[in-house]
Each structure stands twice: as structure tokens, then as C-alpha cells.
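Asker: These protein sequence lines are chains A and B, in that order.
Heads up, the first sequence is in the numbering used here, so the first residue is 1 and it goes up one at a time.
Heads up, the second sequence is in the numbering used here, so the first residue is 1001 and it goes up one at a time.
We put the beta carbon where it would ideally sit given N, CA and C, even for glycine.
Predicted model only: the values in this text are computed from it and were never measured.
2 protein chains.
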Amino acid sequence: MFLGEYSHSIDEKGRIAVPKKFRNELEKGLIITRGLDNCLFVFTDAEWQKLAEQLQKLPLTQASARSFVRLMFAGASEELLDKQGRISVPQFLREYAGIKKNVIVTGLFNRMEIWAEDAWTAYKQSAEENNSELAEQLAGIGII
Amino acid sequence: MFLGEYSHSIDEKGRIAVPKKFRNELEKGLIITRGLDNCLFVFTDAEWQKLAEQLQKLPLTQASARSFVRLMFAGASEELLDKQGRISVPQFLREYAGIKKNVIVTGLFNRMEIWAEDAWTAYKQSAEENNSELAEQLAGIGII
DNA sequence: ATAAATGTGGGGATAAGTGGGGAAATTGTG
DNA sequence: CACAATTTCCCCACTTATCCCCACATTTAT
Chain A
1 MFLGEYSHSI DEKGRIAVPK KFRNELEKGL IITRGLDNCL FVFTDAEWQK LAEQLQKLPL
61 TQASARSFVR LMFAGASEEL LDKQGRISVP QFLREYAGIK KNVIVTGLFN RMEIWAEDAW
121 TAYKQSAEEN NSELAEQLAG IGII
Chain B
1001 MFLGEYSHSI DEKGRIAVPK KFRNELEKGL IITRGLDNCL FVFTDAEWQK LAEQLQKLPL
1061 TQASARSFVR LMFAGASEEL LDKQGRISVP QFLREYAGIK KNVIVTGLFN RMEIWAEDAW
1121 TAYKQSAEEN NSELAEQLAG IGII
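(1) Step through the CB atoms of chain B and report whether any lies within less than 7 Å of the CB of Ser67 (chain A).
(2) Can you pull out the residues from the segment 1092-1107 of chain B whose beta carbon lies closer than 7 Å to at least one beta carbon of chain A?
(3) Would you kindly work out how many angstroms separate the C-alpha atoms of Phe22 (chain A) and Leu51 (chain A), rounded to a whole number?
(4) Taking the CB atoms as reference points, tell me whether Val105 (chain A) and His8 (chain A) lie closer together than 7 Å.
(5) Quick one: complete alpha helix (DSSP H) runs, 4+ long, within the segment 1063-1102 of chain B?
(6) Evaluate Ser77 (chain A) with the Cβ neighbour count: other Cβ atoms within 10 Å of its Cβ, from every protein chain shown; 16 or more gives buried, anything less gives exposed.
(7) If you measure between the beta carbons of Ile1031 (chain B) and Leu1040 (chain B), is that distance less than 7 Å?
(8) Give every residue of the same chain whose Cβ lies closer than 8 Å to the Cβ of Ala119 (chain A), excluding the five residues on either side of it in the sequence, and list them in chain order.
(9) Going straight from the alpha carbon of Lys1057 (chain B) to that of Arg1066 (chain B), what length do you get?
(10) Which residues, in order along the segment 61-86 of chain A, keep a beta-carbon less than 9 Å from a beta-carbon of chain B?
(11) So what's Glu5 (chain A) in DSSP terms, helix, strand or just coil?
(12) Is it true that the CB of Phe1043 (chain B) sits closer than 7 Å to the CB of Glu1111 (chain B)?
(13) What does the alpha-carbon distance come out to for the pair Glu1129 (chain B) and Asn1102 (chain B)?
(14) In whole angstroms, what separates the C-alpha of Leu3 (chain A) from that of Leu108 (chain A)?
(15) Excluding the 5 residues flanking Trp48 (chain A) on each side, which residues of the same chain have their C-beta closer than 7 Å to its C-beta?
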């Protein structure tokens, strides 16, 4: 399970160190792809398989579904950890996430996320401001 | 599985290098044909077979189905990788896709696509702008 | 304080992508 | 049928990117 928040950096070759705690789950292969709010999602092969099957079922004949599927599949990349436990992030994904130098790596149960540091800071702040609303919604769902 | 986005170029002889990661799946033969949204589709023989069966089931009384079937079948061309892992794209397909020099090759699970660079850039941008739908689709699939 | 583990940086070997010459095959024409 | 013209494909050479490896820095543990 992926948990926690880590502050790492990307080097000139586009490599990011994966937190040690996540490496065991990812060492057999991982998929990195576009996420929401301009972050990147990282899945294990098994998790990706489930997702890919769902995506593939969407109708090719519908233009909106087609563009969505294209963004997800063309925006994905199969990677392996190098001997130092890093992944290299393709340039088009770095551009998408606005990643220059400092990144935040977070764990979210079944996936890892990679954020440009300033994007993460901004996102977290706005999320905290909406915290009370959020709590109410959660209560409605019956979590708390 | 075909995944990712690659920036390649076409040479004067009409050849395009297939990304290394795709070659194993395509080395036994491939079909290249007109795709949707002015790109080219590339299938393995096996995938083409499946698709051809689907196409034959379409109701030929419907004008749109008829034209779609014509598009796919009449534009299809059987190709092999050369020893450098390239395919040569017939001229009428290059014209269809508006391919001059720079192309983007994308992986879409069971097919590869070839785009003129500027066409892909434009397509991707407009797809990203419809991001709110995207989030809803993801939620529907059960990622979040 | 010392040792171990984790994260970062960069040199160098290896592989991938690109361009073009020339042989073989194909087509067309006298 | 012979020969020229064109196309196709194999091969070599070059450039650029990728990956492996070693080394250092920084943090954490003993």
C-alpha cells in the first residue's frame, strides 16, 4: 500500500527516485500516466491491467470516448526501476505535469502520484481551505 | 500492449521508425490503414482479423457504416518491418494524414497510431481542454 | 561518533533513430 | 525478348538518446 508524502527532485536526465518504501511493490514493473489536476499517476502492472481493460471497453465510435482513451493510453509509459531505484519520466509527461526540478511524491493506497512541487503546494492549500465542506460531504457518505 | 507517445520523423523514402518497444509485436506483419481524426491506424495481423470481423457485422444499409467500412478496407496496406525496424508508408496514406516530416507515433493498447506532428498537438490540446468530462469518466471507471 | 542506508549527480558504454549509397527485384517500353 | 527506368530493400555510417555503473552527499540508525 502506498502512503505518505515525499519531497524529491528530478535530475537533468529526467529521473526521479522512488521512495524506498514503494520500491518492493513497483520493482516488477510500473505504468506511469496522466493523472488529474496535472499530476502523474503511477500504477503497478496489476492495477494498470484492471484500468486498461475498462478503458478498452469504451466505444471507439464516440469522439469524446476516443479522445479520452487516447489521452490515457498515449499518455502512459511502461517503466522499470533502475539499479538505484529511480524511474525516468518521459518528457511529454514532465511537460504535462509542469515538472522542472522539485517534485512531491505521494502515496494513495493503490497508486503513487508525482506532482510539481508548486502545483502540490497550491493544490494542498486549496484543499485545506475546503476542508470543512469536504468533511460534511464525507459525513453524508457515512464515513465519519 | 502499445503505450506511449514518440516523436519520430519520416525520411525521403517514406520510411518511419517504429518505436523499439512496439517491434516485437509487429515483426510478424502489420496492417496500416486510414484511421479516425486524420491519423493512421496500425494493427497486428491478429488484431486486424478481429476488427475485420466486427466491420463485416455492421449494417450495410446505413450510409455512415458503409463509408466507415470503405475507409478502413480500401485504405489498408500490408507491410513488414525492414531490418532497421522501419515501415514504409504508402504515399496516399501520407497524404491522408498530412504527413510531411515530423510525426508522432502513439500506442493505444491494441493498435499504434501515426499522426502528423501538428495534427497531434492540436488534437491533444483540445482533448485536454475537455478535462472536466475526463474526471467524470475516470470516476465512472472506478479509478478514484 | 561511526556505520549504514537513501537520495543525487554525472561519465561512459550501448542501443535507438536517421540518412543515404548501392544491389536486387519489378515494371514498362522499344 | 532485351534493355532501360523505377522502385524496393539491405547495408553501412553517423548522431543522439538511454541506461548502467560508480561515486559522492545527506540523512537515519546504532
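Answerer: Taking the geometry as given:
(1) The residue given as residue 67 (chain A) occupies position 67 in the first sequence. Yes, Ser67 (chain A) lies at the interface with chain B (some Cβ there is under 7 Å from its Cβ).
(2) Thr1106, Gly1107
(3) Mapped onto the first sequence, residue 22 (chain A) falls at position 22. Mapped onto the first sequence, residue 51 (chain A) falls at position 51. Cα to Cα, the separation comes out at about 20 Å.
(4) Mapped onto the first sequence, residue 105 (chain A) falls at position 105. Mapped onto the first sequence, residue 8 (chain A) falls at position 8. Cβ atoms of Val105 (chain A) and His8 (chain A): closer than 7 Å.
(5) 1063-1074, 1091-1097
(6) Position 77 of the first sequence, counted from the first residue, corresponds to residue 77 (chain A). By the 10 Å Cβ count, Ser77 (chain A) comes out buried.
(7) Position 31 of the second sequence holds residue 1031 (chain B). Position 40 of the second sequence holds residue 1040 (chain B). No; because the gap between Cβ atoms is not below 7 Å, this pair is not in contact.
(8) Translated into positions along the first sequence, residue 119 (chain A) becomes position 119. Answer for Ala119 (chain A): Asp37, Asn38, Cys39, Ala97, Gly98, listed in chain order.
(9) Here the question's residue 1057 (chain B) lines up with position 57 in the second sequence. Here the question's residue 1066 (chain B) lines up with position 66 in the second sequence. Taking the straight line from one Cα to the other gives about 11 Å.
(10) Thr61, Ala63, Ser64, Ala65, Arg66, Ser67, Phe68, Val69, Arg70, Leu71, Met72, Phe73, Ala74, Gly75, Ala76, Ser77, Glu78
(11) To locate residue 5 (chain A), count along the first sequence from 1; it is residue 5. In this structure, Glu5 (chain A) counts as strand in the three-state DSSP scheme.
(12) Translated into the one-based positions of the second sequence, residue 1111 (chain B) becomes position 111. Translated into the one-based positions of the second sequence, residue 1043 (chain B) becomes position 43. Note that residue 1111 (chain B) corresponds to Arg in the displayed sequence, not to Glu. In contact: Arg1111 (chain B) and Phe1043 (chain B) (Cβ atoms closer than 7 Å).
(13) The count along the second sequence starts at 1 and reaches residue 1129 (chain B) at position 129. The count along the second sequence starts at 1 and reaches residue 1102 (chain B) at position 102. Those two C-alpha atoms are separated by around 24 Å.
(14) Counting from one through the first sequence, the residue named residue 3 (chain A) turns up at place 3. Counting from one through the first sequence, the residue named residue 108 (chain A) turns up at place 108. Using only the alpha carbons, I get a separation of about 6 Å.
(15) Taking the first residue of the first sequence as position 1, residue 48 (chain A) is located at position 48. Taken in chain order, the residues that qualify are Ile31.
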